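Worksheet for the structure shown next.
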Amino acid sequence: METDKHRWTTSSDQGPVHLDLAFTVESGFRSGLYSSSVCLVRPGDTLKGSYRIKTGLAMGGSWVEVSLQGIQSVMTEDAVPSRDGMYRDHFRAERFLHLSHRVKLDDDHKVEDGQRVYTVPFVLVIPPGLDRTSDRTEDRCKPLPPSFDIQRSALTAWSRPVPPSVFISYLLRASVQYSGPPEDAAPGRPKSAHVVHPLTCLPYLETQPPIETSCFPKEYVLSARQTVWGSFVGRKLGHVTFETREPPPLVYNSEQASATDCILWITIDGRPADLHRLRAASIKVEPVLQIRTYYSGTKLAGTPHREAVNESRSIRLHADTWSTRDARRASTTSVASFWPSGESVREEASRPTLAAEEDTIPWHTHATVPIEPPLRLQPSFCGDYVASSYAIIAKISIGGVYAKSSYLFFPLQVAYPCAARRDSEQTGVERLGPAPSPSLENNVCCSAMDADMQSNNDLMPPPYVAQ
25 METDKHRWTT
35 SSDQGPVHLD
45 LAFTVESGFR
55 SGLYSSSVCL
65 VRPGDTLKGS
75 YRIKTGLAMG
85 GSWVEVSLQG
95 IQSVMTEDAV
105 PSRDGMYRDH
115 FRAERFLHLS
125 HRVKLDDDHK
135 VEDGQRVYTV
145 PFVLVIPPGL
155 DRTSDRTEDR
165 CKPLPPSFDI
175 QRSALTAWSR
185 PVPPSVFISY
195 LLRASVQYSG
205 PPEDAAPGRP
215 KSAHVVHPLT
225 CLPYLETQPP
235 IETSCFPKEY
245 VLSARQTVWG
255 SFVGRKLGHV
265 TFETREPPPL
275 VYNSEQASAT
285 DCILWITIDG
295 RPADLHRLRA
305 ASIKVEPVLQ
315 IRTYYSGTKL
325 AGTPHREAVN
335 ESRSIRLHAD
345 TWSTRDARRA
355 STTSVASFWP
365 SGESVREEAS
375 RPTLAAEEDT
385 IPWHTHATVP
395 IEPPLRLQPS
405 FCGDYVASSY
415 AIIAKISIGG
425 VYAKSSYLFF
435 PLQVAYPCAA
445 RRDSEQTGVE
455 RLGPAPSPSL
465 ENNVCCSAMD
475 ADMQSNNDLM
485 PPPYVAQ
């Protein structure tokens with residue numbers, strides 16, 4: 025069985041105490057998402073390492089804690105004016121996950137450069153979720169939300185307002201409690217020193233069913249109809265109708281950008297005599313990506329919609345728009361221009377009768393429009409206080425004839441599914457061995473602490489859906 029293993033280190037000096045934290049992230053899933061720049065963790069991954077304390081003080085009897093913590097922003101009820109006079113939402117930080125391993129130091133230590141060195145090994149397993157039994161939800165274990173912050177495109181960011189301080193973050197924290205030395209201003213007073221390493225948590229977010237757009241009639245636009253003219257002051261040639269639906273989601277299994285396709289159905293109603301003009305027309309599609317972040321001061325029951333923002337005073341929406349065109353490429357690569365194929369013309373339309381010369385006939389064709397954001401997107405999800413969703417705004421222009429531009433607006437989902445499973449249960453047990461029993465706080469899902477979960481991740485984390 026092949027595993028991914030990555031090593032991370034950090035250190036800190038706090039008064040008479042020098043702290044070193046070193047650990048590896050071991051995963052039974054081979055994934056291209058793991059990189060050398062960000063400490064990425066996923067459910068079932070094992071954090072195995074050591075916490076090293078170097079000091080001249082006697083630390084015997086002191087308590088050491090190594091903990092995995094999750095912190096999220098929660099909007100306060102009232103917006104507070106800032107220095108520039110603008111009212112902006114303010115947030116407080118709330119800890120929603122605290123999985124800890126505590127141990128009491130004994131007098132056993134090494135001596136290095138005249139300093140005492142204490143070393144504490146630890147093993148922590150990323151849980152699949154949080155215990156929601158107290159919430160009386162149908163699913164007792166709600167999967168962890170992903171690490172989140174409001175992304176700003178480095179290439180093209182069209183919205184200029186300062187984004188709100190919405191975040192979901194994870195960290196590995198190691199701390200030690202000790203008494204102040206005799207020469208200290210307050211000798212004997214309890215003190216603490218800690219070191220922190222940030223983590224990026226990415227749960228297994230499976231592909232969800234298409235969104236029921238009919239439930240949001242005022243939010244999405246899946247069809248548009250325009251009149252087609254021969255020129256700006258020319259005669260009317262007919263009508264063109266553009267239709268689409270939600271494309272397959274963007275699915276990420278590696279660090280490389282993902283891509284999907286949108287199918288655009290085109291129907292042109294016109295007289296047979298004008299068919300040659302319509303067939304000579306070109307279609308240009310310019311898709312842009314809208315990133316919508318919903319945040320609230322109360323718990324969300326599910327991913328909100330725009331009407332919920334107007335109906336509820338506790339829900340806010342921050343929308344940002346990205347161009348899907350990479351500024352480093354040619355300007356035409358992400359703009360779909362095409363000529364409808366004559367093969368799509370109905371057979372009876374190619375040989376109209378004299379009686380039908382004045383009648384309009386429908387002409388059907390379709391085109392595939394690529395959607396490839398230049399940057400890797402964060403997943404679509406709904407947490408307790410934050411939800412993120414995506415949509416595509418497609419501007420459709422017609423060349424060769426005159427018609428107003430049409431705009432379609434449809435949802436887009438982003439998923440990070442589990443691409444592989446462990447090869448052997450027995451191999452996983454031998455590799456990890458028994459893990460210490462950490463203390464459970466803040467509703468950590470109990471199933472994460474089972475031996476099976478720690479050894480071979482046999483239970484697949486469920487898709488992340490709002491409960």
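Sequential numbering from 25 applies to the sequence shown in my numbering.
Yeah, the Cβ is synthetic: ideal placement off N, Cα and C, and Gly gets one too.
Computed from a predicted model, the values in this text were never measured in an experiment.
{"Query": "Check whether residue 324 and residue 217 have beta carbons under 7 Å apart", "Result": "no"}
{"Query": "Touch test, the stretch 318 to 335 against the stretch 292 to 299, Cβ-Cβ under 8 Å, three pairs minimum", "Result": "no"}
{"Query": "Three-way DSSP call (helix, strand, coil) for residue 239 in this model", "Result": "helix"}
{"Query": "Strand pairing of residue 285, partner residues [DSSP]", "Result": "394"}
{"Query": "Proximity below 7 Å, CB of residue 342 to CB of residue 222", "Result": "no"}
{"Query": "Segment contact, 8 Å Cβ cut-off, at least three pairs: the stretch 60 to 73 with the stretch 41 to 49", "Result": "yes"}
{"Query": "Strand pairing of residue 167, partner residues [DSSP]", "Result": "153"}
{"Query": "Chain-order list of residues whose beta-carbon lies under 7 Å from that of residue 369 (same chain, five-residue window excluded)", "Result": "Since pLDDT at residue 369 reaches only 39, below the 50 mark, its modelled position is unreliable, and no value is offered."}
{"Query": "Neighbourhood of residue 352 by C-beta distance below 6 Å, restricted to the same chain and skipping five residues each side", "Result": "Per-residue confidence for residue 352 stands at a pLDDT of 33, beneath the threshold of 50, marking its modelled position as unreliable; no derived number is given."}
{"Query": "Beta-carbon proximity check, residue 307 vs residue 262, cutoff 7 Å", "Result": "no"}
{"Query": "Own chain residues within Cβ distance below 6 Å of residue 243, not counting five before or after", "Result": "329, 330"}
{"Query": "Under 7 Å between C-beta atoms of residue 75 and residue 121", "Result": "no"}
{"Query": "Straight-line gap, residue 37 to residue 43 (C-alpha atoms, nearest Å)", "Result": "6 Å"}
{"Query": "Euclidean distance between Cα positions of residue 303 and residue 389", "Result": "10 Å"}
{"Query": "Simplified DSSP assignment, three categories, for residue 186", "Result": "coil"}
{"Query": "Limits of the unbroken beta strand (DSSP E) element including residue 270", "Result": "Premise fails: residue 270 is in no beta strand (DSSP E) and is neither H nor E."}
{"Query": "CA nearest to the CA of residue 67, picked from 133, 204, 78, 153", "Result": "153"}
{"Query": "Touching by the beta-carbon criterion (3+ pairs, under 8 Å), the stretch 77 to 84 and the stretch 92 to 99", "Result": "no"}
{"Query": "Best match in 198, 213, 205 for proximity to residue 220 [C-alpha to C-alpha]", "Result": "198"}
{"Query": "Span of the beta strand (DSSP E) around residue 411", "Result": "410 to 423"}
{"Query": "Beta-carbon proximity of residue 62 to residue 224, cut-off 7 Å", "Result": "yes"}
{"Query": "Same chain, Cβ closer than 6 Å to residue 265, neighbours up to 5 away in sequence not counted", "Result": "249, 291"}
{"Query": "Rounded distance between the beta-carbons of residue 230 and residue 435, thought under 8 Å", "Result": "With 8 Å as the limit, residue 435 and residue 230 do not qualify as a contact, their Cβ atoms being about 17 Å apart."}
{"Query": "Those residues which DSSP pairs with residue 194 across a bridge", "Result": "94, 223"}
{"Query": "Nearest-angstrom beta carbon gap, residue 170 and residue 394 [assumed within contact, 8 Å]", "Result": "Actually they are not in contact, since the Cβ atoms of residue 394 and residue 170 sit about 26 Å apart, beyond 8 Å."}
{"Query": "Local Cβ density within 10 Å of residue 358, reported as buried at 16 or more and exposed below that", "Result": "Residue placement at residue 358 cannot be trusted, given a pLDDT of 34 that sits under 50; the coordinates are not used to answer."}
{"Query": "Neighbourhood of residue 245 by C-beta distance below 7 Å, restricted to the same chain and skipping five residues each side", "Result": "431, 432, 433"}
{"Query": "Nearest neighbour of residue 138, chosen from 33, 174, 79, 333 [CA to CA]", "Result": "79"}
{"Query": "Nearest-angstrom beta carbon gap, residue 129 and residue 278 [assumed within contact, 8 Å]", "Result": "43 Å between Cβ atoms; not a contact."}
{"Query": "Neighbourhood of residue 424 by C-beta, 8 Å cutoff - its chain only, sequence neighbours within 5 removed", "Result": "301, 304, 305, 306"}
{"Query": "Residue 337 to residue 114 span [Cα, whole Å]", "Result": "14 Å"}
{"Query": "Bridge-paired residues (DSSP) for residue 214", "Result": "203"}
{"Query": "Beta-carbon gap between residue 133 and residue 141 smaller than 7 Å", "Result": "yes"}
{"Query": "Residues of its chain near residue 407, where Cβ-Cβ distance is below 6 Å and the 5 sequence neighbours each way are ignored", "Result": "169"}
{"Query": "7 Å Cβ cutoff met for residue 312 and residue 345", "Result": "yes"}
{"Query": "Residue 35 to residue 77 span [Cα, whole Å]", "Result": "10 Å"}
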